[in-house]
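If you read the sequences in order, they're chains A and B. To convert, take the position in the first sequence, counting from 1, and add 2; that gives the numbering used here. To convert, take the position in the second sequence, counting from 1, and add 2; that gives the numbering used here. Cβ atoms here follow ideal geometry from the backbone N, Cα and C, with glycine treated the same way. First comes the structure, then the notes that go with it.
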Amino acid sequence: MRFRKQLAASALALSLLGLGAPRAHAQAAAQEQYFPLQSYRVGPYAAGGTGFFGGFIDYMNLINLRDGGVNGVKLSWSECETQYIVEQGVECYQRLKTHVPAPSAWNPLSVGIAYAMIPGITADKVPLITIDHGRTDSTDGAVFPYVFPLLMNPYSETSAIVNFIGSRIGGDDKLAGKSIVVLYHGSPYGKETIPIYQLLAKKYGFTLNQIEVPDPGTEQEAQWLEIRRIHPDYVVLRGWGVMNPVALKTAQKTGFPADHIIGNVWSNSEEDARPAGEAAKGYIALTTQATGTSYPVIQQIENTVYAAGKGDMADKSRIGSVYYNLGVVNGILNVEAVRIAQAKFGEQTLTGDQVRWGFEHLDLDPDRVKALGAAGLFHSINVTCSDHEGHGLVTFQQWDGTQWHRISDWIAPDWSLLRPIIEASANKYAAQNGITPRDCGKQVASN
Amino acid sequence: MARLNPSHAAIVLFLVMALGVPFIPSNYIFDAILTPLLAISLAGLGLNLLAGYAGQVSLGSSAFMAVGAFTAYNFLLRVPGLPLLAALLLAGVVTAAFGVLFGLPSLRLKGFYLAISTLAAQFFVQWALTNFAWFSGGDTSGVITTPPLFIGPIAIDTPVKRYLLSLFVVAVLTLIATRLVAGRAGREFIAIRDNELAARVLGVKILRTKLFACAVSSFYIGVAGALWAFLYLQTVEPAGFDLDRSFEILFVIIIGGLASIRGAFLGAAFIVVLPLLLSRAGAAVFGATFDSGLVDIIEKIILGVLIIVFLRAEPAGLSALVARIKRGRGLALPTTKITGNFS
């Protein structure tokens, strides 16, 4: 009995300790802007999580150490581990949303968690950032005022890949009669772009085969034999996690050249190419941010944050990798949204709704990007009420066996072609959920 | 002390849970702890009817939850003006039909073989939901957000309302379950579990009883899936109902206690709430100094150790542990064998 009483007592103590947690986090800082981080540092997707959230945290640390915050308002954050699992991400959201001061923006870097948060964050009036991914139709800010798929949504990505293949063979008009295979991950994420590839195939007249690889994608012999039979000019790899290196290795076995495989944004990291070894040499992938450490902002992080011993990356050699640099770019976009919102609402702790206004007016032209020390890291962004993606440009990189090299200019997706489909989908969502879309024309006039 | 009738005990407990609402200060407790706890408890209860009482082990619980969630979603989407409770009921009915279909192998297979055959349901459902966009309302990505919910004119839009609705549904179904297992059906389930041949000799209709157990169990799990998707996550995604969740529900009843109504609730509390408490304690104590990933791994180790300690202390599950504690304090309980009592 004594043992049980002790057990009960310790359970009770644990629970009291646990439930008191949010108050323990809240400090009576003068002015601070708080970012809840639903990070994933363990589990199958830890490589992406540690890189992305490491870069994001390092950039916020840079702003605090170098500039003393954003116009004197310090940035603060706390982490909650999700393991990329939707339920855990939702629990983290519920745990952190009552934080004082209130969250500025959510950055879960997970489609599933983002979907689950949309009703909640819309009611809370706090923006949700899904950089490079997310619900494509949330690009329509009239229907999704609080959701921002910044830089690139899945449809833009698809269009940019097809345009890039066009440029490799001497122009979009040469696409007619060519053959493209899309090898996609058998998940909601993988399937999201199926109709867009069909649309583009019709528009440019190429032959299209879309082949599914069931999750997790460790066996792809059948798919690559099928590809060998089709004998396509290009294979687009729309992969995820372990599926990517396996695809590259299997391609080599079946004799398909790596430099005719084009990876999408979730098949573009060092962790996707390196495990494939020699087979990955020549492999090409899309990205919205370049790799490397040559950009002033990355060097300042090394010289300021890491010199002060406040760096987040346990493995310093990963600074400058794809996921890390994406985290830094994400940090820049979040911080600049706060700065733009401060210009309107004052240099103080802002509410989530005020930061949302900042995101909706996030306009960083190449000159501003250069001033931020990120010229060449990413191109530019211009978010508006109706366009929550912000016309981000993409670039392509090639793997040389040890690192990525940029091989293309900044490429613009065909936004005008995609816009009607996005609006149709957004309006359908609005009808199903009883949402009256905002009038974005009026918004511009009133602001 | 007079012995409390199991149904009355349940009624008292649920009344306390409903009347306690004003005393719980934070929405977090409703949204992140109590609502998912109720949904998982109900799923555990459903599986316990099949596995604990009738002895038919299933690894398809998560698939049945998915069927329930997507059924409710499609009815709400395609039948305008359908009341939410009717959609929940239909979710249960469709899942029950589905459960009977996948329960047919139980007539020939037993034990582990049956468990493996229920895996078919798991894989088939996930495959079907990912590959036919019709199920997710034409959304290409297959992930859907639940529409606004109403009970008559009342919008179910706050954590407390979502919790109370879950509580109502779970309470009603739990009371029905206590009646069911205390009655003829429950005794027939147990007879089949303990000795199928003897049950047949006693005049239990094996075929009908097994399929009935599948149907009832699936009904409960389907409703649980709809509660999970609509009142807790507010999103439905096929990948969320994977094999891991099936295992989780199986662990709920193993840790909570097989063939016990209360075991499902205790097991769900252990599986759902304890990791959260550990994670919050970990964040409060070590959050500032350690990597959140490291803290998470340590929590997993502690949880694993606790499971071993609990099962060592009482191999028949938390339900038996509670019963023993009660006896230790002199409550006049009859010596219980594993039966369908709520006590």
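- Buried is the label assigned to A253 of chain A, since at least 16 other Cβ atoms lie within 10 Å of its Cβ.
- In terms of Cα proximity to A122 of chain B, the closest of B:A271, B:W136, B:F100, B:I194 is B:F100.
- Here H233 of chain A is exposed: its Cβ has fewer than 16 other Cβ atoms, across all protein chains shown, within 10 Å.
- With its beta carbon less than 8 Å from one in chain A, D33 of chain B belongs to the interface.
- Judged by DSSP secondary structure, H187 of chain A falls within the beta strand (DSSP E) whose first and last residues are 181-187.
- For A287 of chain A, the uninterrupted beta strand (DSSP E) segment begins and ends at 286-289.
- When the beta-carbon positions are compared, F16 of chain B and A179 of chain B stay at least 8 Å from each other.
- In this structure, the beta-carbon distance from G57 of chain A to L374 of chain A does not fall below 8 Å.
- Residue pairing by DSSP places R320 of chain A in no beta bridge whatsoever.
- Using a Cβ-Cβ cut-off of 7 Å, R43 of chain A is close to D293, S294, G295 of chain B, given in chain order.
- Runs of the alpha helix (DSSP H) lying entirely within the region 25-69 of chain B and spanning at least 4 residues, in chain order: 37-49.
- With distances taken between CA atoms, V171 of chain B lies nearest to B:G227 out of B:G227, B:T132, B:F214, B:Q124.
- Excluding five sequence positions before and after V330 of chain A, the CB atoms of its chain that fall closer than 6 Å to its own CB belong to G57, Y61, given in chain order.
- If you check each beta-carbon in the region 23-52 of chain B against every beta-carbon of chain A, the ones closer than 8 Å belong to S28, N29, Y30, I31, D33, A34, P38.
- When C-beta distances to chain B are compared with 7 Å, every residue of the region 305-327 of chain A stays at or above that value.
- Taking a Cβ-Cβ cut-off of 7 Å, the neighbours of P150 of chain B in chain A comprise N435, G436, given in sequence order.
- Closest option to V274 of chain B, judged by alpha-carbon separation, among A:Q90, A:G45, A:S271, A:Q85: A:Q90.
- From the beta-carbon of I208 of chain B, no residue of chain A is found nearer than 9 Å; the closest lies around 37 Å away.
- Residues of chain B whose Cβ lies closer than 9 Å to the Cβ of V88 of chain A are, in chain order, L235, T237, E239, A241, G242.
- Contact fails between the region 288-303 of chain A and the region 421-436 of chain A, because fewer than three Cβ pairs, one in each stretch, are under 8 Å apart.
- Taking C-beta separations shorter than 8 Å and ignoring five residues to either side along the sequence, the partners of F398 of chain A in its chain run F166, I264, I286, A287, L288, T289, R408, I409, S410, I413, following chain order.
- The Cβ of A376 of chain A sits no closer than 8 Å to any Cβ of chain B.
- For the region 139-218 of chain B, not one full-length beta strand (DSSP E) segment reaches 3 residues or more.
- Its chain contains L177, T180 as the residues whose beta carbon lies nearer than 6 Å to that of S9 of chain B, once the 5 sequence neighbours on both sides are disregarded; these appear in chain order.
- Neighbourhood of V92 of chain A in chain B, by CB distance below 7 Å: L235, in chain order.
- For I232 of chain A, the enclosing alpha helix (DSSP H) starts and ends at 223-232.
- Under the DSSP definition of a beta bridge, V396 of chain A partners with A:I413.
- If you look at Y117 of chain A, you'll find it in the alpha helix (DSSP H) that goes 113-126.
- The straight-line gap separating the alpha-carbon atoms of L313 of chain B and S382 of chain A is approximately 58 Å.
- B:Y30 is the residue among B:F267, B:Y30, B:V95 whose C-alpha sits nearest the C-alpha of L278 of chain B.
- For the pair of segments examined, the region 71-84 of chain A was found not to touch the region 309-321 of chain A: the number of CB pairs separated by less than 8 Å stays below three.
- With the criterion set as a beta carbon lying under 9 Å from some beta carbon of chain B, the members of the region 104-122 of chain A are V113, G114, Y117, A118, M119, I120, P121, G122, in sequence order.
- Taking all protein chains shown into account, I171 of chain A has fewer than 16 neighbouring C-beta atoms within 10 Å of its C-beta and is therefore exposed.
- With the criterion set as a beta carbon lying under 8 Å from some beta carbon of chain A, the members of the region 71-90 of chain B are L79, in sequence order.
- Listed by position along chain B, the residues whose Cβ is nearer than 9 Å to that of A48 of chain A are G295.
- Under a criterion of Cβ atoms nearer than 8 Å, the residues of chain A adjacent to I299 of chain B are, in order, V44.
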